[in-house]
Amino acid sequence: MAGIELSAVQPVAKEWTEKLQAAGIDITSCYQCGKCTAGCPMAQSMDYSPRQIVRLLQLGLADDALRSRTIWMCASCETCATRCPRDVDVAKLMDLLRIEANRTGVAAVPEVPIFHKTFLESVERYGRVYEMELMMKFNMRTRKLFNNVDLGPKMMSKGKLHFMPPKADDGGAVKKLFERVRERRGN
Amino acid sequence: MRIAYYPGCSLDTTGVEFRLSTAFCANQLGLDLWEVPGWNCCGASSAHSTDQLLSLALPARNLAIAEKEGLDMAVPCAACYSRFKTVEAEVRQDEKVQQDVAQVIDMDYRATNNTRSLLEVFVEQVGLDKIEAAVKKPLSGLKVACYYGCYLVRPPKLGHFDRAEDPESMDHLIVKLGGTPVEWPHKTECCGAGMITLSPEDGLPLTYEILRAAQLCGADCLATACPMCLMNLDLHQESVNKKYKADFNLPVFYFTELMALTFGAEPKEIGLDKHFVNSLPLLAGIGKKETA
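In the order they appear, the protein sequences are chains C and F.
Going by this note's numbering, the first sequence wraps up at 201, each residue one higher than the last.
Going by this note's numbering, the second sequence wraps up at 299, each residue one higher than the last.
The following block contains the structure:
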């Protein structure tokens with residue numbers, strides 16, 4: 015890491031501390047004990063450990079956190095949030111970083127947000143997940159056409175994957191729900 | 008006893024045997040499951056990684072329908088359960104969240120009802136005594152590694168029914184079914200969740216460790232309450248064997264399947280033939296006097 019220009023990063027530290035506080039996460043509580051990282055099952059696949067992500071935010075280096083591989087390797091298992099002796103909700107922090115990294119287009123592992131987007135399109139359209147279409151669209155969008163391609167027939171042979179889309183019979187309520195969320199976001 | 012029932016997407020597809028065995032058990036125990044009409048997907052990990060309000064609104068719409076009916080909600084899938092518990096807590100804590108959610112789902116929702124995992128409903132509400140009394144074919148000492156995974160117990164601030172670090176409700180249930188729960192250290196370790204599919208080289212080591220721990224501790228099989236965990240441990244056991252040159256042959260069951268079997272269900276009727284690791288040879292021995 016290059017040298018840090020403190021006058022430049024202080025406002026970023028303040029901005030993120032306040033933004034996270036509003037979401038119930040106080041990163042100033044963290045005394046860097048590393049309990050979150052010790053129990054993290056995905057830590058070996060991360061570039062920064064969960065403890066380091068919190069430290070980056072404390073120091074005002076949010077951009078490094080947002081561009082990290084860590085936030086996309088997090089499996090949302092909630093072990094960190096369960097064990098933190100300072101009650102810092104690291105799992106929720108990862109959610110907020112993912113949302114911001116996705117919004118600003120800096121995701122280091124783009125396949126993961128592409129999966130989420132494709133998943134939610136399915137929910138918006140059918141009210142439930144249409145797994146067959148989700149898998150095919152995901153493979154097309156990530157240009158990995160033969161990714162997990164052996165699993166489809168395997169699942170189908172057991173009656174666990176269907177050709178036809180699911181029907182929620184929700185009277186269009188889920189589509190409207192998505193529309194209202196979009197309206198509130200202002201786009 | 009009557010309770011609202013949210014099967015969730017997996018129970019119609021990858022976890023269809025969870026649905027079949029749940030229905031069988033409920034019927035045997037006189038539990039009236041009122042399936043939420045027009046239920047929608049809870050949004051899973053995709054919603055909470057994309058938009059906070061969306062991740063609250065999707066489960067809330069289902070909970071609001073149950074609340075209107077004056078019913079608590081039983082949720083078999085551990086992942087859906089966790090999303091429901093999250094909404095419930097946030098709506099109770101913050102009036103602004105309650106109003107935002109109500110506006111987006113276009114229904115009143117005040118979280119006056121409770122979300123319960125199906126495991127909790129059976130163990131705590133139906134009760135272990137009633138379950139024990141319904142057992143016709145005990146598990147005959149079958150050694151079961153009870154695998155709780157992440158979302159049945161974490162994070163504890165949501166008010167889960169069992170302990171976060173060493174849960175035991177499923178172990179107690181297995182004892183009543185005539186089985187022997189094994190002591191093992193991976194009860195609540197993460198299975199790798201979606202990583203198994205999105206990035207197998209990062210996810211498979213987690214699945215491997217769970218299967219290895221279960222085998223080392225003498226388990227004949229695993230029991231779970233999560234369709235995602237079951238898929239990773241069952242469907243992907245072959246990939247784990249290939250990657251690690253291992254020879255695991257550990258059937259993975261939903262706890263409801265083991266319950267239904269002891270209540271006298273035929274394996275096919277509850278979808279046991281839909282597993283990828285064949286469990287039928289192991290089950291040939293059940294129903295006899297306990298030998299273990």
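Positions of the beta carbon are idealized from the N, C-alpha and C atoms, including for glycine.
Checklist entry - When you check each C-beta in the stretch 215-241 of chain F against every C-beta of chain C, which residues fall closer than 8 Å? => result none
Checklist entry - Can you give, in chain order, each stretch of the alpha helix (DSSP H) that sits fully within the stretch 107-157 of chain C and has at least 4 residues? => result 125-140 and 145-155
Checklist entry - Taking the alpha-carbon positions, what's the Lys-174/C to Thr-21/F distance? => result 5 Å
Item to check | Given 8 Å, three or more beta-carbon pairs between the stretch 112-123 of chain F and the stretch 65-76 of chain F | outcome: yes
Checklist entry - Taking the alpha-carbon positions, what's the Glu-127/F to Trp-41/F distance? => result 17 Å
Next on the checklist: I want to see whether chain C comes within less than 8 Å of Thr-263/F, judged by CB atoms only; does it?
Outcome noted: no
Item to check | Nearest candidate by alpha-carbon position, reference Val-142/F, set Ser-286/F, Met-8/F and Glu-264/F | outcome: Glu-264/F
Checklist entry - Where does the unbroken beta strand (DSSP E) through Tyr-12/F begin, and where does it stop? => result 9-12
Next on the checklist: Pairs of beta-carbons, one from the stretch 152-160 of chain F and one from the stretch 224-231 of chain F, closer than 8 Å: are there three or more?
Outcome noted: yes
Checklist entry - In chain order, what residues of the stretch 106-126 of chain C put their CB closer than 9 Å to some CB of chain F? => result Lys-106, Met-108, Asp-109, Leu-110, Arg-112, Ile-113, Asn-116, Val-123, Glu-125 and Val-126
Item to check | Beta carbon proximity, Asn-121/F to chain C, threshold 8 Å | outcome: no
Next on the checklist: Does chain F have any CB closer than 8 Å to the CB of Glu-29/C?
Outcome noted: no
Checklist entry - Just reading off the beta strand (DSSP E) that Tyr-261/F is part of, what are its end residues? => result 259-261
Checklist entry - Which two residues bound the contiguous alpha helix (DSSP H) that contains Ser-3/F? => result There is no way to answer for residue 3/F, as the model of chain F reaches only from 8 to 299.
Checklist entry - DSSP beta-bridge partners for Lys-150/F? => result Thr-187/F
Next on the checklist: How far does the beta strand (DSSP E) with Thr-231/F in it extend, from its first residue to its last?
Outcome noted: 228-231
Item to check | Own chain, CB closer than 7 Å to Asn-248/F, minus 5 neighbours either side, in chain order | outcome: Asp-254 and Phe-255
Next on the checklist: Can you confirm whether Lys-49/C, when its beta carbon is compared against all beta carbons of chain F, has any partner nearer than 8 Å?
Outcome noted: no
Next on the checklist: At a CB distance below 7 Å, what residues from the stretch 127-156 of chain C approach chain F? Give them in sequence order.
Outcome noted: Phe-129, His-130, Phe-133, Leu-134, Val-137, Gly-141, Arg-142, Val-143 and Glu-145
Next on the checklist: Quick check: is the beta carbon of Thr-57/F nearer than 8 Å to any beta carbon in chain C?
Outcome noted: yes
Item to check | Classification of Val-68/C by the beta-carbon crowding that lies within 10 angstroms, buried from 16 upward | outcome: buried
Checklist entry - For Glu-175/F, which residues in chain C fall below 9 Å Cβ to Cβ? => result Those within 9 Å of Glu-175/F in chain C number zero; the least Cβ separation is about 17 Å.
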